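In the numbering used here, the protein residues as written are 1091 to 2295.
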């Protein structure tokens, strides 16, 4: 019972921790007796008590809800209230003088300022009675016409019972009035004021007296008990002033009406004259227009024209004059916004019975979205505007899918372990809005971070994308790091177009820098001391020396050693065995000598730890021969093995091996031979087969093993079959074993898994053995992963276990069924895992049933990278392999913290309660402290105390102290090293520059007073020398482009001299110009010898227009290049750009023309610029309109022929 209480308490604590963020809430209650009554025209004060019942500190605000007209006298400023703290707040408010007696509801609200869901309120009723200074208004004798007057009546309940009062008020002569209240309740001897507001008509011309009747009916029990009638005479007096004002207003209104009437008459006369003129014009128009059609669009109305962005569409219309009058038409083409007409006359003059074909041309802008557009063409006669005809036609702008990617900036080299950024720009050069998906492929296995992987681009829009790449600090060789940047256009997640660019960066390894004169092997020396107090008092010391590395600089001859002694395993639980190991290997052979784990194959020897010798020889790339001899050190009885093997790789998908093992123990000497193979019959599928034959003292027996496992995108599966005969002397013996299973991915969230296992021992049913166990174990489960940020997973598994002894007199025979539910959930810095197994076990020998229960719960908390906490609980009630019931409870807590920069603390607290013959109750407390010194030496202290309960065992305390010394074991002197040196001086004054910082890959130094720098011990190879320009002085950089590639040769010194110059810069603007067409002639089209000239700006042949600035061209790439140095920038929304930190010299300026508007060209490109030291330069680039030419060859054709063409 006590154990169940402990488990329930622990689960309650876990639930409390997981819900600690929400808490229990707030509580608002009166701190004193609740208010019941107050008088009017007074200030009321009360006190409330506010309690924070949550587990966190909150910022709170208050609010007082009062009846209308009442005023709060205290503020509601925010305040903080800690967990489980109470605060008293004084609240005051004013009850106005004109408040009617009665009950009023008041609410006091408290809520979190940021967490609005955290709130509480208290509501109470306040009885307001008549204030001691308020007097009943005296009854008035007269009232002035046109003004409102209040008359008050007091109604008193003189009975001894509470009554419902109904009040009616009327006047004898119908003076308008209103009164309030009409219905109310009065207690014994209570009074109520009824206010009557009189509103007499202001236009009366004679004084009169009216009587006001007030009737009060007193109801009790639904019946009228008393009726009170009061009569009050009121004299209504004429308002002379008001009468005069209204008379004057009526006179002004009549005068304004007369003025409006005259104005309307004038307007009507003008409209009438205009209508007469219009009728006259219509008569003339109808006489000309009757039965005539002037515009003949042919089949253009039926035809749908097609064009692409930047396309030109030409349409011909036939215009005729079938009358006897000369007509002049003005054509007009109505187009979508942004489209421009590039051909067509402004006026068309037609003689009587003359026909003309009007050719119009218009251009479709580059950024026009794909779709269908409707255009209207209208002609209007100049003199008679009603003589008008129009037609419409459609143009389909075809979609153009084109995306462009350019590399803007990327470093040339980077040191291994550093991050670098490559800047790309993606431009939509089509006419449709795109969904862009960014993909990055690299030449190395490296992590990439894309700042924007998915986005949309409108036509003509551009977007910069930054790719941040991390390089491998452990890289041992120089590599070319390529980022292949791909911008794909997707439509419903299907890629329809793409563009790519690549940046290449050289990654310089850290290991290629300055070297020590000796080649060393990384080695550790560890000094350990252990002690234990308890059932035995003992202590001991031990020394360990271990290391691993290469004997040569090329890294081909590998060595590993481990020497630990003496043996102190019996001195403390922290004590270790003595161990001596030496290994040496190359790509041709291997040699291992000492204490280690030896293995031959699955059937012969899978694992045997002992002291021995192993060697192998690679005869070629496919054939390997090897052997080992080992003797166990601590097993009783001891085992001695001698083995040999031969492996052959047939091809990439198959290999075969032959094994021999002689195994000696105290009982017999056995020989085993096996053959094994490994085959890959399909992709991601592997099949392993082995057959072995062993001979012992009595007879021979065999064994075989089959292993199959594979995977694909939706299923993983495996199969393992083992047979080892009763007399087989190998790794497995007297065993039949079969297991198989699969995991099926139903969808991205749901998985199905199942497994089955059979195991049988004592195959020949030998009655002299203790048992012949046969076990069947199967599981079926479902796992679901929720789509949330907390990575929640839920698993359900059914487990069945059937275990029985097949001998005549069985020791055990039981069946076990259980259901397991497991949940994992992350709460930010918290991680919660839990599981529950519930089932039953049936003992078929005793025919008894017992329950099976197993519960686990783990709560992890990681507030930051320096702290980690874990609490766990396990409860297990089950049966062991013989069917005997066991029960156990484990509760634990562990933590690890970084308490200083190089100091770490750890602790483990665990308690165990067992109900089993093989285990005892115990409590463990373990603490550890690790400190790393500046020289990389490490001191570790670990203390453990174990307390036993319910046994005769004494409590034990164990101590471990370790001191670790890392070192480099020198092997040989380096064959050859080189050096690099040089000078840095000012280009103009030739003076040395002191303190300039110079990098050679990851190495760093500074120049001395003579400007000299040096790297004295550098491994031969290719390096990059760079200078920190900030250390050269203000506004200076090296004249030569850095980094500079140099080659260091062994035994030689390489000199590199550098000059410092004053840097310069370049600014500019890309401006689009247009022609100022306001001063040009009216015609846009001229005809000479059937040749027509037209431009998008309306400039015709022989005309000269003035160029004016239109707008700055944005999102355009500007490139500045000098030899192998390139700078790229993009223009801003005003077309401006700026390039800084430039070296003096001849640069070439280039503008990428993809973003130029249609029918425009760049006045000058590929400009040569001579940038001077310390002199910032400026350049302006002009984008000018291009004149275009249209030529029609041949005679004029009819409209139908022109359209069909």
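Virtual Cβ for every residue (Gly too), placed ideally from N, Cα, C. In this text, all values refer to a predicted model and were calculated from it rather than measured experimentally.
- Straight-line measurement puts the Cα of residue 2271 at about 35 Å from the Cα of residue 1463.
- Taking C-beta separations shorter than 6 Å and ignoring five residues to either side along the sequence, the partners of residue 1993 in its chain run 2021, following chain order.
- When the alpha-carbon of residue 2077 is set against those of 2118, 2107, 2035, 2126, the nearest one is in 2126.
- Straight across, the Cα-Cα distance linking residue 1688 with residue 1998 is about 35 Å.
- Counting the other CB atoms within 10 Å of its CB gives residue 1609 a total of 16 or more, which places it among the buried residues.
- Closest by C-alpha distance to residue 1308, out of 1763, 1252, 1351, 1328, is 1252.
- With respect to residue 2097, residue 2085 sits close: the two C-beta atoms are nearer than 8 Å.
- Taken through DSSP and simplified to helix, strand or coil, residue 1282 comes out as strand.
- The residues 2154, in chain order, have a CB closer than 7 Å to that of residue 2265 in the same chain once the five nearest residues on each side in sequence are set aside.
- Taken atom to atom, the span from the alpha-carbon of residue 1933 to that of residue 2040 is near 29 Å.
- Inside the segment 2073-2132, DSSP marks whole beta strand (DSSP E) runs of 3 or more residues at positions 2087-2090, 2093-2096, 2102-2108, 2111-2117, 2126-2128, from first to last along the chain.
- Counting along the chain, no beta strand (DSSP E) covers residue 1804, and no H or E run does either.
- Taking a 10 Å sphere around the C-beta of residue 1488, we find fewer than 16 other C-beta atoms and assign the residue as exposed.
- Inter-residue distance for residue 1142 and residue 2018 is about 40 Å (C-alpha atoms, whole angstroms).
- Closest by C-alpha distance to residue 1721, out of 1129, 1702, 1708, 1714, is 1702.
- DSSP, reduced to helix, strand and coil, places residue 2243 within a helical segment of the structure shown.
- DSSP places residue 1358 in the helix class (H, G or I) of the three-state scheme.
- Assigned with DSSP and collapsed to three states, residue 1758 falls in coil, not helix or strand.
- At a cut-off of 3 residues, the continuous stretches assigned as beta strand (DSSP E) that sit fully inside the segment 1612-1680 are 1628-1640, 1648-1655, 1669-1675.
- For residue 1997, the enclosing beta strand (DSSP E) begins and ends at 1993-2005.
- In the three-state reduction of the DSSP assignment, residue 1511 falls in the strand class.
- In this structure the segment 1914-1922 touches the segment 1946-1954; the number of beta carbon pairs closer than 8 Å is three or more.
- With a cutoff of 8 Å on beta-carbon distance, residue 1541 and residue 1580 are scored as not near each other.
- For residue 1764, same chain residues with a beta-carbon under 7 Å away, outside a window of 5 residues either side, are 1691, 1693, 1694, 1749, 1780, 1781, 1782 in chain order.
- Between residue 2069 and residue 2152, the alpha-carbon positions lie close to 30 Å from each other.
- Counted as a single uninterrupted DSSP element, the beta strand (DSSP E) harbouring residue 1983 occupies residues 1975-1990.
- For residue 1205, the secondary structure class from DSSP, reduced to helix, strand or coil, is coil.
- Its chain contains 1719, 1752 as the residues whose beta carbon lies nearer than 6 Å to that of residue 1732, once the 5 sequence neighbours on both sides are disregarded; these appear in chain order.
- Distance from residue 1576 to residue 1529 at the Cβ level is roughly 4 Å; contact confirmed, criterion being Cβ atoms closer than 8 Å.
- Within the same chain, and ignoring the five residues on either side of residue 2060 in sequence, the residues whose Cβ sits closer than 7 Å to its Cβ are 1608, 1610.
- For residue 1677, the closest of 1664, 1699, 1697, 1644 by C-alpha to C-alpha distance is 1644.
- In the three-state DSSP reduction, residue 1734 falls in the strand class (E or B).
- In terms of Cα proximity to residue 1917, the closest of 2073, 1590, 1883 is 1883.
- Excluding residues up to 5 positions away in sequence, 2160, 2206, 2207, 2208, 2209, 2252, 2255, 2271 lie with their Cβ nearer than 8 Å to the Cβ of residue 2241 in the same chain.
- Burial of residue 1942 is indicated by the presence of at least 16 other C-beta atoms within 10 angstroms of its C-beta.
- In this model, residue 1658 and residue 1789 are separated by some 43 Å (Cα to Cα).
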